[in-house]
Structures are given as structure tokens and as C-alpha cells.
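Here's the structure we're looking at; comments come further down.
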Amino acid sequence: MNEKPSLGDLTALAAIAAHRSFRKAADELGLKPSTLSHMMRVLEQNLGVRLLNRTTRSVAPTEAGERLVARLQPVLRDLDAALQEIDDFRGRPSGTLRINAHEASARLLMRSVVPTFLARHPEMALDLVTEGRLIDIVAEGFDAGIRLGEAVPQDMIAVRFGGETRFVAMASPAYLKTRKPPRTPDDLKDHNCIRLRLPSGKLYRWEFEKRGQEMTIDVPGALTLDNIELMIEAAIDGLGIAYVPIHSVRAHLDSGRLVGTLDDWCPTIPGLFIYYPGHRHVPPGLRAFLDVVKEVG
Numbered sequence: 001m002n003e004k005p006s007l008g009d010l011t012a013l014a015a016i017a018a019h020r021s022f023r024k025a026a027d028e029l030g031l032k033p034s035t036l037s038h039m040m041r042v043l044e045q046n047l048g049v050r051l052l053n054r055t056t057r058s059v060a061p062t063e064a065g066e067r068l069v070a071r072l073q074p075v076l077r078d079l080d081a082a083l084q085e086i087d088d089f090r091g092r093p094s095g096t097l098r099i100n101a102h103e104a105s106a107r108l109l110m111r112s113v114v115p116t117f118l119a120r121h122p123e124m125a126l127d128l129v130t131e132g133r134l135i136d137i138v139a140e141g142f143d144a145g146i147r148l149g150e151a152v153p154q155d156m157i158a159v160r161f162g163g164e165t166r167f168v169a170m171a172s173p174a175y176l177k178t179r180k181p182p183r184t185p186d187d188l189k190d191h192n193c194i195r196l197r198l199p200s201g202k203l204y205r206w207e208f209e210k211r212g213q214e215m216t217i218d219v220p221g222a223l224t225l226d227n228i229e230l231m232i233e234a235a236i237d238g239l240g241i242a243y244v245p246i247h248s249v250r251a252h253l254d255s256g257r258l259v260g261t262l263d264d265w266c267p268t269i270p271g272l273f274i275y276y277p278g279h280r281h282v283p284p285g286l287r288a289f290l291d292v293v294k295e296v297g
């Protein structure tokens, strides 16, 4: 070994191995691809071994490169965590917090949590991404995710907010004037139900429970949607019965634009959770956001 590698050289190698691309690694590190390529040539010369196989279209670690990167990754993670802990002493959180949520929970956050958080921490920015599919928040670069408790991965730390909730079956008064309101879930077979298509492509089967008796119904209906807000609008327009989270429709129920049905068959469920990986140091921005969630969420 002619010269001991620098931390910058080793970090660059790990980034190139992760992205399999000089350009993407350069974007992450804020360098030019040509600069990274030169750094890797010098690193290989100093170590006396080839670390990367390069072609005109791709780059990949050699066996030696793979072994070195595998040993580097936990060291670099520990270093990042240590530096983050030191950064905590700066005081006020800063930077960008990225959170993935489905649309209904994002709307709930926007009512009180987000305004309070941004007002209290002016040096923070919030990137709130809404989508229906359940993603790997770590692999896709998010600090946290928000989902119903049953959907939270078991290896995550979860913090409840918004209290218990439940799904409710509701329709417009105009629709219920033309049809006899259902008294049991079985009665839904005689109604137009506004069905929900899940991100997986499957149709959601409505779940009911009363005094220990559980029922799961594959409801009939001419209209299928993949968005809760559109389902609510369709129900208001008299197109049928929708089954949605109560926090999404409470204002319409209070105003009388919609009427609940099968109320005694709609049980409470644990509700929403914000979750994040437990094996990582919690960044100051996420910790500050969690504090606001616990306070006003």
C-alpha cells in the first residue's frame, strides 16, 4: 500500500458501488464524474488492486471491491450516526424531512401537525409525498412513513397519532331515499357499492364486526375507484354506498351531506402510525416532528 486511502476516497467508492454509476454517485457527492473516476484510479494504484470493473456503459465492483465495500458500509453508517449526534448539539433542527404517506393521512397531518411543525422550526423543510402503495421507506430515501397500524412493517418503530379510527359505510340522503338502508352487511348485495381498488390491483373487501362476529364482504357495484376522496364525492353525488375512514368524511356526516349506515357493524381499529427504522439514529428534524405529532396529532 503506497498511501493510506482518505475518507473521501472510501466514501466515493461506496457510493459508486451502491449506484453502479459514476454519474449518479457524482450527483450524490456533489462532484464531477471525471473527478470520481480519477479518484478511483489513484485509489487503485495506491492499494495495488483493481476495485472496479468499468465499461463504456456500466461500472461494478470487482471481488476485492465488493469485500472492501462490505466492510466499509457499517463503518460509514456508524460515522454518519456519530456526526449526526454531534450535530444535535447545534440546537435548532435544520434540513429536509422526507415523509411518505397515503393521501388521507397526509390531509390529517396538514390540519395541525404540519403548520405547527413548520412554524416552530423555520430552518426545517418538509417533503411530504403521497401515494397509495406501501413502499420500503429506507430503500427509497424517506425518513419516515405513515400508514394504518396493520400495514406498518414489524421491524419499524411506530408512534400512533390521531387516536383510534374506523371505517364507516355511508351514502347520501338522496340515495337512501331510493333504497332501503342496509341493516346487516349481507344487505349490501342489494345496493350499489362504490368499490375501492388497492394499489396492488386487488379490490378491497369490506370488513365488519359485531359482538365477535366478523364478516368480510366482496361488495357489488358498478363503480370502482382507487382514491378515497373520489369515493366520497361519488357518494355525495348519490352514486352508492362508500366505505371509508371516518376522519376523511366526518365533516360531510356532520353537515348531513352523507348519512352513516351499518354503524353498529363498523368497529374501531388502532388507527394511523408514523414509523421509522429503529436501527438508525433519529435525526433532529424527525425527532422534532414526532414531538409535534405527540402534542397536537
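The sequence shown runs 1 to 297 under UniProt numbering.
Where is the CB? At the ideal position from N, CA and C, for every residue including glycine.
Small disclaimer: the values here were computed from a predicted structure and weren't measured.
- Query: With C-beta atoms as the reference, is L52 less than 9 angstroms away from I99?
  - Reply: What you label residue 52 is simply residue 52 of the sequence shown in a count that begins at 1. What you label residue 99 is simply residue 99 of the sequence shown in a count that begins at 1. Contact flag unset, no.
- Query: If we ignore side chains and look at the alpha-carbon of each, how far apart do Y175 and R107 end up?
  - Reply: Locating residue 175 in the sequence shown gives position 175, counting from the first residue. Locating residue 107 in the sequence shown gives position 107, counting from the first residue. Distance between the alpha carbons of Y175 and R107 is about 27 angstroms.
- Item | Residues near M39 by beta carbon distance below 7 angstroms, same chain, minus five either side | Stepping through the sequence shown from its first residue, residue 39 is reached at position 39. Around M39: D9, A12.
- Beta bridge counterpart(s) of F167 as assigned by DSSP: Residue 167 sits at position 167 when you count from the first residue of the sequence shown. DSSP, once it has assigned bridges, lists P245 as partnering F167.
- Query: Can you name, in chain order, every residue of its own chain whose Cβ lies under 7 angstroms from the Cβ of L36, other than the five neighbours on each side?
  - Reply: In the sequence shown, residue 36 corresponds to position 36, counting from 1. Excluding residues within five positions, the ones whose Cβ falls inside 7 angstroms are A12, I16, F22, A25, A26.
- Task: Measure the alpha-carbon distance for S105 versus D218 and round it to whole angstroms.
- Result: Within the sequence shown, residue 105 is the residue found at index 105, counting from 1. Within the sequence shown, residue 218 is the residue found at index 218, counting from 1. Their backbone Cα atoms lie some 25 angstroms apart in a straight line.
- Query: Using CA coordinates, which residue listed in V75, A14, S34 is at the minimum distance from A60?
  - Reply: The count along the sequence shown starts at 1 and reaches residue 60 at position 60. It is A14.
- Message: Tell me the rounded alpha-carbon separation between V293 and T56.
- Response: What you label residue 293 is simply residue 293 of the sequence shown in a count that begins at 1. What you label residue 56 is simply residue 56 of the sequence shown in a count that begins at 1. Computed Cα separation, rounded: 49 angstroms.
- Message: Going residue by residue through the region 113-163, where are the continuous beta strand (DSSP E) segments of at least 3 residues, counting only ones entirely within it?
- Response: If we require 3 residues or more, the beta strand (DSSP E) runs fully inside the region 113-163 come out as 124-130, 144-148, 156-161.
- Item | Nearest to E164 (by Cα), restricted to the options A144, T268, F273 | As a working mapping, residue 164 is identified with position 164 in the sequence shown. That would be T268, whose Cα lies nearest to the Cα of E164.
- Task: Leaving aside the five residues before and after Y243 along the sequence, list all residues of the same chain whose C-beta is less than 6 angstroms from its C-beta, in chain order.
- Result: Against the sequence shown, residue 243 aligns to sequence position 243. Contacts found: F167, A169, W206.
- CB of G256 within 9 angstroms of CB of P181, strictly: Working through the sequence shown from its first residue, we reach residue 256 at position 256. Working through the sequence shown from its first residue, we reach residue 181 at position 181. One thing to note: G256 has its Cβ no nearer than 9 angstroms to the Cβ of P181.
- Message: My parser needs the beta strand (DSSP E) runs of 3 or more residues fully inside the region 207-293; what are they?
- Response: 213-217, 223-225, 242-245, 259-261, 272-277
- Task: Have a look at V75 and A101 and give me their C-alpha separation to the nearest angstrom.
- Result: Residue 75 sits at position 75 when you count from the first residue of the sequence shown. Residue 101 sits at position 101 when you count from the first residue of the sequence shown. Going from the Cα of V75 to the Cα of A101 covers about 31 angstroms.
- Item | Nearest candidate by alpha-carbon position, reference G271, set E295, R160, C193 | Residue numbering aside, residue 271 sits at position 271 when the sequence shown is read from its first letter. Nearest C-alpha to G271: R160.
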